[in-house]
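Engineer:
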Amino acid sequence: MANGYNFKDFKSNQNVRWCPGCGDHAILRMLQSTLADIGRPQEEVVVVSGIGCSSRLPYYMNTYGFHTIHGRAPAIASGVKTARPDLMVWQISGDGDALAIGGNHFIHAIRRNIDINIILFNNQIYGLTKGQYSPTSRKGTVSKSSPFGTVEVPFRPGELALGARGQFFARTIDTDLELSKEVFKAAADHKGTSVIEVLQNCVIYNDKTHIAITDKEHKEDRTLHLEHGKKMIFGKNRDKGLIRVGFDVKVVDLGKGGFTERDVLVHNAHEKDTSLHIDLVNMEYPEFPVAMGVIRSVQEPTYDENVQLQMDAVHQTTGIKSFDDLVHSGNTWAVD
Amino acid sequence: MANGYNFKDFKSNQNVRWCPGCGDHAILRMLQSTLADIGRPQEEVVVVSGIGCSSRLPYYMNTYGFHTIHGRAPAIASGVKTARPDLMVWQISGDGDALAIGGNHFIHAIRRNIDINIILFNNQIYGLTKGQYSPTSRKGTVSKSSPFGTVEVPFRPGELALGARGQFFARTIDTDLELSKEVFKAAADHKGTSVIEVLQNCVIYNDKTHIAITDKEHKEDRTLHLEHGKKMIFGKNRDKGLIRVGFDVKVVDLGKGGFTERDVLVHNAHEKDTSLHIDLVNMEYPEFPVAMGVIRSVQEPTYDENVQLQMDAVHQTTGIKSFDDLVHSGNTWAVD
Amino acid sequence: MEKSSRVIELKEVVIRFSGDSGDGMQLTGTLFSDSSALTGNDISTFPDYPAEIRAPQGTIGGVSGFQVHLGNSEVYTPGDLADVLVAMNPAALKANINHIRPGATIIMDVDAFDEKNLRKAGYVGDDPVTEDSLQDFNILKAPISTLTKASLEDMGLDKKTVLRTKNMFALGLVLWLFNRNLDNVNTLIEKKFGKKPEIAKANKKVLRDGYNYGVTIQALTPSYIIQSADLEPGVYRNMNGNQAIAWGMIAAAEKAGLKLFLGTYPITPASEILQELSARKDLGVKVFQAEDEIAGICTALGASFSGSLGATSTSGPGLALMSEAIGLAVMGELPLVIINVQRGGPSTGLPTKTEQSDLMQALYGRNGESPAVVMAGSTPSNCFDYAYWASKIAVEFMTPVVLLSDSFLANGSQPWKVPKLADWPAIEPPYAVGAAQDWHPYIRKDATLTRYWAVPGTPEFMHRIGGLEKDYNTGDVSYDPKNHHRMVELREQKVQNVAEVIPELHVYGPRNAEVLVIGWGGTFGHIYTAIDEMNLTGDSIAYAHFNFIKPLPKNTEKVLRRYKKVLVCELNMGQFVSYLRMTYPDIPFQQFNKVQGLPFTTSELKERFLKLKND
Amino acid sequence: MEKSSRVIELKEVVIRFSGDSGDGMQLTGTLFSDSSALTGNDISTFPDYPAEIRAPQGTIGGVSGFQVHLGNSEVYTPGDLADVLVAMNPAALKANINHIRPGATIIMDVDAFDEKNLRKAGYVGDDPVTEDSLQDFNILKAPISTLTKASLEDMGLDKKTVLRTKNMFALGLVLWLFNRNLDNVNTLIEKKFGKKPEIAKANKKVLRDGYNYGVTIQALTPSYIIQSADLEPGVYRNMNGNQAIAWGMIAAAEKAGLKLFLGTYPITPASEILQELSARKDLGVKVFQAEDEIAGICTALGASFSGSLGATSTSGPGLALMSEAIGLAVMGELPLVIINVQRGGPSTGLPTKTEQSDLMQALYGRNGESPAVVMAGSTPSNCFDYAYWASKIAVEFMTPVVLLSDSFLANGSQPWKVPKLADWPAIEPPYAVGAAQDWHPYIRKDATLTRYWAVPGTPEFMHRIGGLEKDYNTGDVSYDPKNHHRMVELREQKVQNVAEVIPELHVYGPRNAEVLVIGWGGTFGHIYTAIDEMNLTGDSIAYAHFNFIKPLPKNTEKVLRRYKKVLVCELNMGQFVSYLRMTYPDIPFQQFNKVQGLPFTTSELKERFLKLKND
Ligand SMILES: Cc1ncc(C[n+]2csc(CCOP(=O)(O)OP(=O)(O)O)c2C)c(N)n1
Ligand SMILES: Cc1ncc(C[n+]2csc(CCOP(=O)(O)OP(=O)(O)O)c2C)c(N)n1
Ligand code: SF4
Ligand code: SF4
Ligand SMILES: [Mg+2]
Ligand SMILES: [Mg+2]
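Chains as they are written, first to last, in the working numbering: chain X, 113 to 448; chain Y, 113 to 448; chain G, 474 to 1088; chain D, 474 to 1088.
Here it is in structure tokens:
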């Protein structure tokens, strides 16, 4: 690497303890690799996680790391970043950690637009507690805690993030190494809360949950890799595209029914209005291809920088520069 | 009233303890009035609240009521409704109660689509604790806890509710009695989680926060009363309308620039796709009129009824009808 | 247990199955104990596994164990040391050398003892038997992996599936060792793999081949016979602590004529309660898997408010999150069963290990003066009884009840004599009755101070409750100073009144003993066994075990004052003894504590008791 | 205080301003006490207001009061009974008849004593003076509303604004009563209403007219003079408990060279800490108003992890929610100051009233063995000192510290001699130094057991921490049984080591006393005053007050054993006495408890002490 870092520089000395075959291994590896590419010194990187299989990740990173409590990682990461805007902060969470117990901190971090990068390992199951359904489990999922199938509607993480005023959302697949690096890199570059949903496979408790779209054979036909400024074209033969119909989008076969590349929408990740981004985020197989890559990336002021700006402004005008100044300000009187 | 109920039947014997001039008084009165109109017996109505000025409401209702703890009302109401689908459940929360500490329960109740009616008193401030900013306070708000103005982006309750897969969202103004009754009634009729945002004035800590749009003089020009099946026309002279531009909406002056009523969108509250509803929910003054009335109302199976259905299905096939059956099922052996 | 003997008849034996997390040792152990129970032994089991789903293969950190104690009379613990150890790899051997009795039988899968695995386990050479000085043990080296492969050669299964069945080979061998036939296990296998006949067939085949291998090599190791236990006549089933709690609440709800509602969030080691009750739609149990523990308890409280038996289940960190809502239940005076299956703390701590360190939290982990009933199960199967009691008290006193279990009880199992619901005491919800005009929700029964319960849907009885202090006379919100003091005392008194309905403290052992040992919760089996053994050998020691902690049984003080020395044993730093000290400050309690994520062993207890006696 | 006397010179006096929530009594009281402090009196104040923002007008539930105690020597409490009561309406009179000294002066706004208000307050007739038998009091009936309107007739203000100034009329009258001039109050009014000159002018006008009204009616009531207090020379300012805590942390952070970070969520009565620190951007304080208390403490913990002094502020229900995260701070061994301003419990309880009932929660409200340092402020202004100490201990021992305050301390105020930061003890963060190769995050100082702090950004010292148990030797996650026991003991020992650096317990009163009274936290002023008065009249009683609770000061046991009788007084059902009993089980503690949402009164304390002495 030009900057002298290798992914191994980001590997800690701990044995990785995930199940063989777990999607987490690849995600870890791509994060290490992305960080090596970016070249931020290890000591300037902080990785914060909650509790879950995925939340073990910080132990494996040769950076500063904090494996905290279930669901609270966004709040802890918010504290780190607000106190220390100079650090690069990553937050690792499972679908349970981020969206069940941690849902509130998740949406509030996003609303505040704190400059942290959230990697959401979505295996649609509680792995560490051995297989209960999660808030992203598909309706009808049979799991240890839903022997007759779930009756709950799942969250769509991207839809929720955008509903919480999210400015960056990307999606990738554990097995798609290049795509993962691409979106991790984009998230790192983005200032503000970045949410990356990784479709992750839990070989033990929810094996093949994403197989319909992640499967090598069908991936290209069932996913749409979005790239800013590029046409929304997909398919093994790049013969399908997305077009607008009213307020919605629709898949068409290029060359058929009179549709050509010209009709296909161009992806604008930087568009402030969320309308189209929400449509993209919500696309589900089989009706639609599932959107991959950076779906939304809009630059807005971040909480941490605003806090700093406000503080700097006050510093300019105040006469109170120290505790001793403070105690003598305002109403005092002397006794002698 | 035809059903024999008067709003007074829903008044409890407790003194109302809100500040004179507080918007809460009118909301209470309209809820009582709506319930009288609906005619459900008082004993079949349960009102659950959290903590806040607004959360005092249950004390004033002659129904079953539970004034609980801060932020947890959606969870408690979910418990009531799941255990007792036969009851009509209302949940009362302030913007802090529902969206700060209670944000997670709020989005999860909505996701599950539990048949409760949530009235969200949005005064954009923490009233009961005497005036700190809330997650809906406009950016820049000077409050007791933000002497230099807030730097946080506020939630838009409707956007968040839809992001959490909400199927019913309506908006009203404390002072607009008829509109409040209209949407309370619609929420009561809707099966599934209904969220009603009431723009409420706190005379003490955030007086006139909604005045730009609630002010009698400007209300008609600055709000759009949506009604299912009707054109999105507004203005004192009903001379403005909403039209579609790309994935977005735009305000046009009817009769000018070649726009006529014909171009104006028709409101379809029952449309499953959220695209247009989100645009409507997000409209903010001065760029847009603020949408009022029932913005979204889509019928989907509810959690409470699904739970019951699943249970009924199991009941049909099982041989285990009692505890004594249970203990003799499966692996047992006899010692004699 | 001599090396040369052939068939040994034993009164009891401890077997430990140990291997990698992926080796299926929990299943093996369960099959062995379930089938042993079917043959009439009394059993007690203890699974012991790592926090990771699959800890690194081959390392000590990844070892998963399952210990079974069986006997021909009542057994109370899974046993301190194993008489037979099955070690599927070097790490399993290494991890257990301190848990086996001198001269025990060790079954090793020699195929797994290769260079790589030996290093991973921390052996330096290639002869672990010598390295760990196990020469005097009965070592049975079997090429289990190889023989398993051979066994299934013709079945056309993939390699992974084949190797997964090697635990059955080991099990077959153990069954042979104990002169068992294969019928019970075969039946259980068929049930377990019912939907996958191929897999069932493979497992049965390997099991039989393992057994036959034993027959073949018979000459080389002793084999054992254990007679059936003298259990009371009746129908039995195996019961673990989590299932017992789930069923106890089901029984109580049915008896009370209430619906059972569990609002909860998964957490080790309590999740099986959620899972067990989720499966009980047949009996009308509603389970709400909430977004977190706060929502779990709050949905349960909402259900209670609206007339169900509301319950929630969790472990320490979850109980911490519930603190505020428990306070609301105290103030609202609503029936609520809060099950806390304790694990090693603090914080995330040792999530798969056992400990008794949440007692103080259960008693005092709330703001304000916030009294709740606190009780604990003490054997896997009597968790049923205490779950029933917890429900009964919650309903009849309109109060939250914290029921403490622990990882050891939750995962351990025992034969359980199936009860008849008709034999259990009635549970009578204190429904509001009579005229509604003058009624308010804080009118109470004189005797118990229980408030009456008006369930939504009941005409005329509409009312409001909440977390603010309320007036004694009207039930309205009140900030009156004297009234507050009165209400604080009243809530405490109501909880103390529970002492009137619970059983008195029972004392085991000789009446004239000078020494009283005290335990509470999940330590019963170990302490009882230690006491029993000591009393058999003439060391006179008395023993009292607490299941009811707040309030304490009425005769507690009388019992405590009867002895010259009182020793309180617990798996924490002394929480119960502190509670006793503040209740009976002038009694000179001594204490014995262990915080290692493990149960007591009977031998360390006996040693301590002896010391106390002779001090 | 005789009815006929004209000018009375007093050593101390208690004044209570009382009116509707909307009547501005808190402002009136503050202006009076601030201006009194400026004239050199020692003061102590106590605001007392309803939970509602505006409780129903005219009712007793809606009465808001502010009591000021001033004296010419040190005053320690706001006083039991008022010498002067200002009653802006009948409810204010009714609510306070038990809080005034016989023969006190009562100023009434007769305009507000109309039929409607009398009924709302619960008077049956139209002469409350007779109805409440107040004939022997000095009653000053003034038509305050009417005169206020007259006063502002020409200013063109709307009626609401005019009526809002009537509190100034009352204040003017009181200033006259105490022979004060108006200068100080005028200055304060100008500051307060600086941005609204019209309002400032109106207030000053009405104030003067109130004063002049007093001059006019002089003949009818006594007036008082209070000499300045003999305070130590220095610069003074008024200080309340919440501001003192905020400033104590600011001072400590500056001394330690750390940034102060407050992560918090508003709650009565702690919100002013958030508000005060939000305004301190000049000093680089970062305040994160979080979505709830869990996020509040977690952001603070994140800030601590990354090298700030992390703090959070809350009251009982919020502390309950923080339980789990405190456990993480214990396990992570991170510096964290947790401020709990106690209020009446349980649950939402009496949110605006004072109580000391969160002690047990602070000590034990967590899962597992989870020791934290617990301490308490005991006067409004010494909350500064203990906030400084809490910060110092948190940083130097790498531990969470719970600092207890209460509603009484938080809202009460006192003159405070402004300190110089240079005079305060150094605070030295235990930064990791030296070679990084062999370093791990759980390496500790031998003497204190403090682990070293490697702050993100420091090259080479990258490390990971978390809530799982860790190995003593490597700092890695460890499930080893013996290691766990060792770490549990170590964490407790580290907290106990704090006893080495804190001051010893001080005993007030005669050395040869037989009776020792014990208090902790916010009860100091009342107990001290009671003890002082009794010792002055020859009743020899000793007194020790605890600010450090866990660990206890080193000489605690020695002190406790010196006396024949030990009485522990607290505003709860006996939490500290329970803690003492479990620590020193053989000392026969007695207890005196009050749970009424109110402080002790010196008279009830004296009565109890006398009884104890004579028992
Ligand atoms: C307060 C608390 N509640 C519950 C748990 C138990 N718990 C640990 S991880 C987890 C969920 C894991 O699921 P997810 O976040 O999706 O992560 P995964 O294991 O699937 O990667 C749960 C419920 C806990 N550790 N703490
Ligand atoms: C656990 C907990 N945290 C904080 C509080 C303090 N508190 C009470 S109400 C409230 C917010 C009130 O704002 P909102 O919900 O908007 O209601 P409003 O008073 O404006 O109607 C807060 C922070 C509390 N009661 N409990
Ligand atoms: S249980 Fe699932 S998510 Fe957890 S480590 Fe194993 S495969 Fe991965
Ligand atoms: S403080 Fe505001 S919200 Fe609360 S009662 Fe008064 S006006 Fe209403
Ligand atoms: Mg998951
Ligand atoms: Mg509000």
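Yeah, the Cβ is synthetic: ideal placement off N, Cα and C, and Gly gets one too.
(1) Under 8 Å from any heavy atom of ligand 6, does the C-beta of residue 246/Y make it?
(2) In the DSSP output, what is residue 492/D paired with across the bridge?
(3) By Cβ distance, which residues of its chain are closer than 7 Å to residue 756/D, with the 5 residues on each side in sequence left out?
(4) Would you kindly work out how many angstroms separate the C-alpha atoms of residue 475/G and residue 556/G, rounded to a whole number?
(5) Can you give me, in chain order, the residues of the stretch 495-528 of chain D that have a beta carbon less than 7 Å from any beta carbon in chain Y?
(6) If you check the beta carbons only, do residue 628/D and residue 662/D fall under 9 Å apart?
(7) If you reduce the DSSP assignment to three classes, tell me which class residue 463/G lands in.
(8) Mind listing, in chain order, the continuous alpha helix (DSSP H) runs of no fewer than 4 residues lying wholly within the stretch 651-696 of chain G?
(9) Under a three-way DSSP split, which group does residue 523/D fall into?
(10) Mind pulling the chain G residues with CB within less than 8 Å of residue 211/Y?
(11) Quick one: is the Cβ of residue 317/Y within less than 8 Å of any heavy atom of ligand 4?
(12) Compute the minimum distance between the beta carbon of residue 240/X and the heavy atoms of ligand 1, and state whether it is under 8 Å.
(13) With DSSP as the reference, identify every bridge partner of residue 809/D, one or two as the case may be.
(14) How long is the line joining the alpha carbons of residue 867/D and residue 340/X, rounded to whole angstroms?
(15) Please look up how many angstroms separate the CB atoms of residue 280/X and residue 243/X, rounded, as I've assumed it's under 8 Å.
(16) Comparing the C-beta of residue 915/D with each C-beta of chain X, is any distance below 9 Å?
(17) Is there at least one Cβ from chain D nearer than 9 Å to residue 594/G's Cβ?
(18) Considering only DSSP beta bridges, list what residue 759/D is partnered with.
(19) Can you list, in chain order, the residues of its chain whose CB lies under 6 Å from that of residue 735/D, leaving out five sequence neighbours each side?
(20) So if DSSP puts residue 515/D in a beta bridge, which residue, or which two residues, is it bridged to?
(21) Could you tell me if the beta carbon of residue 164/X falls within a distance shorter than 8 Å of some heavy atom in ligand 5?
(22) Which whole-angstrom value describes the C-beta separation of residue 379/X and residue 421/X, a residue pair presumed to lie in contact below a C-beta threshold of 8 Å?
(23) When burial is assigned at 16 or more other CB atoms within 10 Å of the CB, is residue 947/G buried or exposed?
(24) So, under 8 Å CB-CB, residue 709/D and residue 787/D are touching, yes? Tell me the CB distance rounded to an integer number of Å.
(25) Provide the residue span of the beta strand (DSSP E) that contains residue 1042/D, from first to last.
(26) Buried or exposed for residue 600/G, please, with buried defined as at least 16 other CB atoms from any protein chain shown within 10 angstroms of its CB.
(27) Could you have a look at residue 121/X and say whether DSSP puts it in helix, strand or coil?
(28) Between residue 383/Y and ligand 4, is there a pair consisting of the residue's CB and a ligand heavy atom that are separated by less than 8 Å?
Structural biologist: Once the coordinates are examined:
(1) yes
(2) In the DSSP assignment, residue 492/D forms a beta bridge with 537/D.
(3) 723
(4) Annotation note: pLDDT 33 at residue 475/G (below 50); position unreliable, coordinate value reported separately. Those two C-alpha atoms are separated by around 12 Å.
(5) 525, 526, 527, 528
(6) no
(7) Residue 463/G lies beyond the range of chain G shown here (474 to 1088); nothing can be said about it.
(8) Every unbroken stretch of the alpha helix (DSSP H) spanning 4 or more residues and falling wholly within the stretch 651-696 of chain G is given here in chain order: 656-665, 670-690.
(9) coil
(10) Within 8 Å Cβ-Cβ: nothing; residue 211/Y doesn't reach chain G, min ~15 Å.
(11) yes
(12) yes
(13) 783/D, 873/D
(14) 49 Å
(15) Incorrect: roughly 31 Å between the Cβ atoms, too far for contact.
(16) It does not; no Cβ of chain X falls within 9 Å.
(17) no
(18) 734/D
(19) Around residue 735/D, the same chain offers 750, 760, 784 as residues with beta carbons nearer than 6 Å, after the five sequence neighbours per side are excluded.
(20) 544/D
(21) yes
(22) Not confirmed; about 32 Å, so no contact.
(23) exposed
(24) For residue 709/D against residue 787/D, the beta-carbon gap comes to about 30 Å, at or over 8 Å, which does not count as contact.
(25) 1038-1043
(26) exposed
(27) helix
(28) Checking the 8 Å criterion, the Cβ of residue 383/Y is out of range of every heavy atom belonging to ligand 4.
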